[in-house]
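One structure is given here, and the rest of the page talks about it.
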Amino acid sequence: MEAVAKLKNYPTSPRKMRLLADLVRGMRVEKALAVLEHNAKHPAVPLRKLVLSAISNWKQKNEGGDEGQLVIKTIFVDGARTLKRMRPAPQGRGYRVRKRSNHVTVIVDDVDAIIASKQKKPKAEVAEVVEETVVTETKTKKAAPKKKAAPKKAAAKKTTTKSK
């Protein structure tokens with residue numbers, strides 16, 4: 002059974018956090034923690050704490066489960082509120098500074114549970130459903146008549162006048 006942990010309104014841009022999220026997506030939890038612990042980027046610390054929180058949540062849900070088989074099943078970063086501030090600029094103007102923040106969601110699950118969920122539908126059933134949809138789509142589509150290409154416009158003649 003999967004476990005979820007969320008971090009809300011962390012004050013760094015979503016783009017910077019996504020770099021780390023992409024780095025650990027799909028990894029085993031122990032390896033992800035090691036990568037985040039040794040990463041120099043500043044959002045690595047709260048992301049590591051978030052993964053630890055997800056592990057703790059998983060332990061609460063699955064009493065006596067093996068923690069060594071956990072994988073980061075899903076991790077995504079969404080944009081949160083943006084604080085708009087003004088910075089003094091030359092000649093009496095002001096530049097707008099946008100202080101971005103983000104929300105991070107981590108879902109961890111056991112490797113065996115992930116494999117079992119992917120094997121629920123046999124491939125033959127999936128192939129039949131796909132084949133049926135393709136057949137119905139081709140029957141409903143009608144061939145559209147081709148349009149003729151528009152005639153090219155004649156180049157405008159340039160007239161030059163001599164000035165004396």
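Those letters in the sequence shown? Residues 2 to 165, per the numbering used here, in order.
Note that CB positions come from ideal geometry on N, CA and C, so glycine has one too.
Per-residue DSSP class, three states only, for residue i
i, result
"residue 40", "coil"
"residue 110", "strand"
"residue 65", "coil"
"residue 82", "strand"
"residue 14", "coil"
"residue 49", "helix"
"residue 27", "coil"
"residue 101", "strand"
"residue 119", "helix"
"residue 94", "coil"
"residue 32", "helix"
"residue 74", "strand"
"residue 60", "helix"
Residue i classed as buried or exposed, judged by whether at least 16 other C-beta atoms fall within 10 angstroms
i, result
"residue 89", "exposed"
"residue 49", "buried"
"residue 98", "exposed"
"residue 111", "buried"
"residue 78", "buried"
"residue 46", "exposed"
"residue 130", "Because residue 130 carries a pLDDT of 48, less than 50, the predicted location of this residue cannot be relied on, and the following value inherits that uncertainty. Classification for residue 130: exposed."
Close Cβ partners of residue i (< 8 Å) along its chain, the five nearest in sequence each way excluded
i, result
"residue 44", "11, 13, 17, 18, 21"
Sequence-distant residues of the same chain with beta carbon closer than 6 Å to residue i, five excluded per side
i, result
"residue 59", "4, 109"
"residue 15", "78, 80, 103"
"residue 168", "Summary: the structure shown does not reach residue 168, with the chain confined to residues 2 through 165, and so no result is reported for it."
Contacting residues, own chain, Cβ-Cβ under 7 Å from residue i (five flanking each side not counted)
i, result
"residue 62", "2, 4"
"residue 85", "97, 99"
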